[in-house]
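Engineer: Using the working numbering, you'd call the opening residue of the sequence shown number 35 and step up by one each time.
Structure provided below as structure tokens; questions to follow.
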Amino acid sequence: MTRVARIGPDHQDMTAVLADAACILQGGGTVAFPTETVYGLGADATSPEAVARIYAAKDRPAFNPLITHVASVKAAEVQGRFSKQAAKLAEAFWPGPLTLVVPLAPNANVCGLARAGLDSVALRMPRHPIALALIEAAERPLAAPSANRSGQMSPVTASHVFDDLNGAIDLIIDGGATTVGLESTIVACLGDEPRLLRPGGTAREDIEALLGLRLAHGCKSEALIAPGMMASHYAPRARLRLNAEERAPQESGLDFGGRFSPCPEVFDLSPRGDLIEAAAHLFDYLHRLDRLGKAVIAVAPIPHHGLGEAINDRLARAAAPR
Ligand code: TXA
Ligand code: MG
Numbered sequence: 035m036t037r038v039a040r041i042g043p044d045h046q047d048m049t050a051v052l053a054d055a056a057c058i059l060q061g062g063g064t065v066a067f068p069t070e071t072v073y074g075l076g077a078d079a080t081s082p083e084a085v086a087r088i089y090a091a092k093d094r095p096a097f098n099p100l101i102t103h104v105a106s107v108k109a110a111e112v113q114g115r116f117s118k119q120a121a122k123l124a125e126a127f128w129p130g131p132l133t134l135v136v137p138l139a140p141n142a143n144v145c146g147l148a149r150a151g152l153d154s155v156a157l158r159m160p161r162h163p164i165a166l167a168l169i170e171a172a173e174r175p176l177a178a179p180s181a182n183r184s185g186q187m188s189p190v191t192a193s194h195v196f197d198d199l200n201g202a203i204d205l206i207i208d209g210g211a212t213t214v215g216l217e218s219t220i221v222a223c224l225g226d227e228p229r230l231l232r233p234g235g236t237a238r239e240d241i242e243a244l245l246g247l248r249l250a251h252g253c254k255s256e257a258l259i260a261p262g263m264m265a266s267h268y269a270p271r272a273r274l275r276l277n278a279e280e281r282a283p284q285e286s287g288l289d290f291g292g293r294f295s296p297c298p299e300v301f302d303l304s305p306r307g308d309l310i311e312a313a314a315h316l317f318d319y320l321h322r323l324d325r326l327g328k329a330v331i332a333v334a335p336i337p338h339h340g341l342g343e344a345i346n347d348r349l350a351r352a353a354a355p356r
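This is the structure in structure tokens:
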């Protein structure tokens, strides 16, 4: 059963609720909270295990990259590299319903699972006082997609969240109905011209007026993401041999549940066969295996239920011919 903590209109009881929520987040749990757009399902963006719990609760069939929420421009600059245009947008529209996709900063600590393995990061500073206070209390950036099961509508009240996710998450902070009611606008500032990836709560015209240009549409190359869709994926240089019952000596191995015999060329996603743990390790281990430089990575069979479906989806994409 998921707990619901209510914060009154004049923000009474805010301190106690936030302390409780921060404690859950620091322990790797999931907390739904109001933002000015829609309710978000938050978890520690720096912890792959915590982020895996978001995907598990939402029943996502694939690992889409998630938006990381911060409480200041300074905190955003730790995670991403801001071009002049990106900095201008942040200054004008933050806090508010605008998400900026920027190149990952060298010292970023948002985990690979939150970024779906990409070397860019989506950042947003929300305007809702509860969201901002929660990120500050948690003392870390929060990955937060809308707090609904995949395929359901985005929640704008705490009871929408409860109806959809009761039992699947740790806590819901009820701060009343959200004001904007639809998701943030997403703009990518990745070196070329700024691109509109998803229309949302900040009007395109306002962004264009500020920058003095027309926003390019959607994704230019495969390396970008169509709104709400995963078009890009981390592709290792090595070839992936999926559903490998055993590993040949010249291959490296991505194991699950201790099928291959242990050796330095084998990384086990979860020796105890836990799919949440496996999801948490997926991108990190793929990167490490790729760095070993073997031509082929043998991948043990992964069960297809729970997060296994998303893991298999990612592996299939990574194994697809290019
Ligand atoms: O209003 C909102 O933005 C809400 C509230 C809770 O803040 N959050 C939200 O988050 O909608 P989320 O995680 O569901 O948004 C994910 C979308 C992806 O589907 C993709 O379109 C884009 O953000 N995205 C995230 N990271 C990206 C990246 N590195 N490159 C391109 N697009 C990215
Ligand atoms: Mg959503």
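C-beta: ideal position from N, C-alpha, C; glycine also.
(1) With DSSP as the reference, identify every bridge partner of I207, one or two as the case may be.
(2) Measure the C-alpha to C-alpha separation of A165 and L316 and round it to an integer number of angstroms.
(3) Is L326 buried or exposed, if buried means 16 or more other CB atoms sit within 10 Å of its CB?
(4) Span of the beta strand (DSSP E) holding A392?
(5) What does the alpha-carbon distance come out to for the pair A250 and Q119?
(6) What does a CB cutoff of less than 7 Å around A181 pick up in its chain, not counting 5 residues either side in sequence?
(7) How big is the Cα-Cα spacing for E311 and E83?
(8) Among residues of its own chain, excluding the 5 on either side of K254, which ones have a beta-carbon nearer than 8 Å to its beta-carbon?
(9) Out of curiosity, what's the CA-to-CA distance linking G291 and E279?
(10) Return the first residue and the last residue of the beta strand (DSSP E) that S154 is part of.
(11) Taking C-beta to C-beta, are L309 and G342 nearer than 7 Å?
(12) Leaving out the 5 sequence neighbours to the left and right, which residues in its chain are closer than 7 Å to A90 when beta-carbon positions are compared?
(13) Check the C-beta distance from A314 over to A344 and give it rounded, since I have them as a contact under 8 Å.
(14) Measure the CB-CB distance between I101 and L205 and report whether it falls below 7 Å.
(15) Answer yes or no: the CB of P99 versus the heavy atoms of the ligand TXA, is any distance below 6 Å?
(16) Using only the alpha-carbon positions, how far apart do D302 and H321 sit?
(17) By alpha-carbon positions, which one of M48, D93, A86 and A139 ends up nearest to A110?
(18) Helix or strand or just coil, what does DSSP make of F294?
(19) Comparing the CB of V136 with every heavy atom of the ligand TXA, is any distance shorter than 6 Å?
(20) Which residue or residues does DSSP assign as beta-bridge partners of G76?
Structural biologist: Quick look at the numbers:
(1) A39
(2) 29 Å
(3) exposed
(4) The requested residue 392 is not part of the displayed model; the chain covers only 35 to 356.
(5) 14 Å
(6) A66, Y73, G74, L75, P189, V195 and L199
(7) 6 Å
(8) Confidence is the limiting factor: at K254 the pLDDT is only 48, short of 50, which leaves the residue's position unreliable, though a coordinate-based value still follows. For K254, where only same-chain residues beyond five positions count, the Cβ hits under 8 Å are D226 and R229.
(9) 12 Å
(10) S154 to R158
(11) yes
(12) I310, G340 and L341
(13) Contact doesn't hold; Cβ gap of about 12 Å is too wide.
(14) no
(15) yes
(16) 13 Å
(17) A139
(18) coil
(19) no
(20) V65
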